[in-house]
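Working notes, beginning with the structure itself.
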Amino acid sequence: MSAFRASAASLLHMAEHGTLADQIAERVRMSGSGVGPAERLYWSRSLRVLARDLTDAGLDRVEVIAEYKLPLTSKRADVVLAGRHPRTGRDSFLVVELKQWSRAWSFDGSPTVVSVQHVPGPRLHPGVQVGGYCEYLTDFLGIAADAPDLIRGAAYLHNATDDDVRDLFAQPVTEQSRLFTGQRRGQFVEYLRSVLAPEPGADAADRFLASAVRPSRHLLTHAAATLAQREHFTLLDEQRVAYELVLHAVQRARDQDTKTVIVVTGGPGSGKSVIALSVLTELAQQSYHVLHATGSRSFTQSMRRYGGQGSTRTKNLFKYFHNFMDARRNSVEVLLCDEAHRIRKTSVDRYTPAAVRARAKDRPQVDELIAAARVPVFLLDEHQV
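Numbered continuously in numbering that gives the first Met the number 0, the sequence shown closes out at residue 384.
This is the structure in structure tokens:
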């Protein structure tokens, strides 16, 4: 989902005629988000710089996807450039984080957190930031499932010189976390030419935006190994029965190609979350497209800390119920809805984008969860509401 998309040529035309910020602001407002002066200034300046660089690189027909919302999250990437790779001819996508910073330095010696002049509080290193976005997209977009090298990343600090941000170059560079300053504009232009061909990128952008959203086999393999390292739980009596029945139902649903809704009930202390984690681990090991979700921020954060064991990739398997408001039907194979008694009447709240609110305001949250997965599993305490 993106707030705005256009070819680089169209983007530059709008920027030079002073209409770009208005165009994007209107799209953002339609999505239900507010727009501040700083955002409008960023769109007017940073996107204009990027559009000019693309044009100078001969890439004016590359598609620019601005304010792209990472699926099943509330995070947005500044820009995703979509086109063809000049050497392979395959789709090529470049995630770009644009920073107007003029000076930044390491925060207390940290390699991943930085201080920025005139910006309060520490900030994540922009290379680490864009690298995280690329890793997430590679882990969750079907288009990259068997070709993770389709997605690359770069941070572009177009107002800075190398000396202004010297500390930031200490961070190791990967294909998903390159760093460029305004002083290195020539290198940035050459890099753009090396990953994008001078051809129209609209079709590639269509495929990117229409891509299936589900955890990749690589992520599931990684998560299974991480989850298996945690403290081992022994499932006893009814816990083991519930675990085996869930796995059996999941396998049967796959074999028969049918949707199956599973409900596991139990009172406080009955081990429902232990069952959920055990099922998550086993299904990840079997490469099922499986996710875990709750309706509680504190509980989800606890599950991420415990289940993730410090792995950001594994933590991304733990979601919130409202993340599935816009999910495609059966986009997830198995969705483990822990503490399902916390399911709300509707996912709509004051932060819901207006366009989504209009079509989802009367839809029960439980209906969204059932629709999102081939096998939704609800673990709940029937005595709580």
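Glycine residues also receive a C-beta, built at the ideal position from the N, C-alpha and C atoms.
Helix, strand or coil for residue i? Go by DSSP, reduced to three states.
i, result
"Ile261", "strand"
"Tyr287", "coil"
"Asp361", "coil"
"Arg51", "helix"
"Pro375", "strand"
"Asp107", "coil"
"Ser9", "helix"
"Ile342", "coil"
"Thr351", "coil"
"Val61", "coil"
"Asp90", "strand"
"Thr180", "strand"
"Glu198", "coil"
"Glu174", "coil"
"Gly35", "coil"
"Ala81", "strand"
"Ala56", "coil"
"Leu244", "helix"
"Glu381", "coil"
"Leu226", "helix"
"Leu71", "coil"
Report the rounded CA-to-CA distance for residue i versus residue j, giving the unit in angstroms.
i, j, result
"Val61", "Leu219", "33 Å"
"Lys314", "Glu134", "13 Å"
"Gln116", "Gln99", "11 Å"
"Ala371", "His321", "11 Å"
"Ala153", "Thr72", "21 Å"
"Pro147", "Phe92", "10 Å"
"Leu379", "Val273", "13 Å"
"Pro197", "Tyr319", "41 Å"
"Arg6", "Val95", "According to the sequence shown, residue 6 is Ser rather than Arg. Their Cα atoms are separated by approximately 15 Å."
"Ser101", "Arg312", "31 Å"
"Ala159", "Phe298", "41 Å"
"Glu15", "Val27", "20 Å"
"Leu244", "Val278", "10 Å"
"Glu338", "Val34", "35 Å"
"Ala76", "Gly126", "13 Å"
"Asp162", "Arg177", "17 Å"
"Arg328", "Leu335", "16 Å"
"Ile342", "Ala292", "10 Å"
"Gln308", "Leu226", "8 Å"
"Leu276", "Phe323", "20 Å"
"Gln170", "Asp256", "47 Å"
"Val331", "Leu368", "10 Å"
"Arg44", "His221", "40 Å"
"Leu235", "Asp366", "32 Å"
Inspect the beta-carbon positions of residue i and residue j and report whether they are closer than 9 Å.
i, j, result
"Leu156", "Gly185", "no"
"Ala56", "Leu191", "yes"
"Lys316", "Pro214", "First, the residue type needs correcting, since residue 316 is Leu and not Lys in the sequence shown. Yes, the Cβ-Cβ distance between Leu316 and Pro214 is below 9 Å."
"Asp52", "Val188", "yes"
"Pro375", "Val347", "no"
"Phe3", "Glu66", "yes"
"Ile23", "Trp42", "yes"
"Ala223", "Gln284", "yes"
"Val79", "Leu46", "no"
"Gly82", "Gly200", "yes"
"Leu19", "Leu49", "no"
"Gln175", "Gly130", "yes"
"Pro70", "Val289", "no"
"Leu167", "Leu58", "no"
"Asp90", "Ala203", "yes"
Beta-carbon within less than 6 Å of residue i's beta-carbon, same chain only, minus the 5 sequence neighbours each way: which residues are those?
i, result
"Ser286", "Arg216 and Leu219"
"Val262", "Phe377"
"Thr259", "Ala248, Ala252 and Val374"
"Ile150", "Phe92, Cys133, Leu136, Thr137 and Ala143"
To which residues of the same chain is residue i closer than 8 Å at the C-beta, ignoring the five residues directly before and after it?
i, result
"Ser114", "Ala103, Trp104, Ser105, Phe106, Pro121 and Arg122"
"Thr54", "Ala7, Ala8 and Leu11"
"Arg296", "Tyr319"
What residues in its chain sit with their C-beta under 7 Å from that of residue i, if we drop five residues either side in the sequence?
i, result
"Glu381", "Thr264"
"Gln238", "Gly270, Val273 and Ile274"
"Thr280", "Ala223, Leu226 and Ala227"
Problem - Ordered list of alpha helix (DSSP H) runs contained in the region 115-169, each at least 4 residues - result: 125-139
Exercise for the section: Return the chain-ordered ranges of every beta strand (DSSP E) run that is complete within the region 261-330 and spans a minimum of 3 residues. Expected result: 261-264, 289-293 and 317-319
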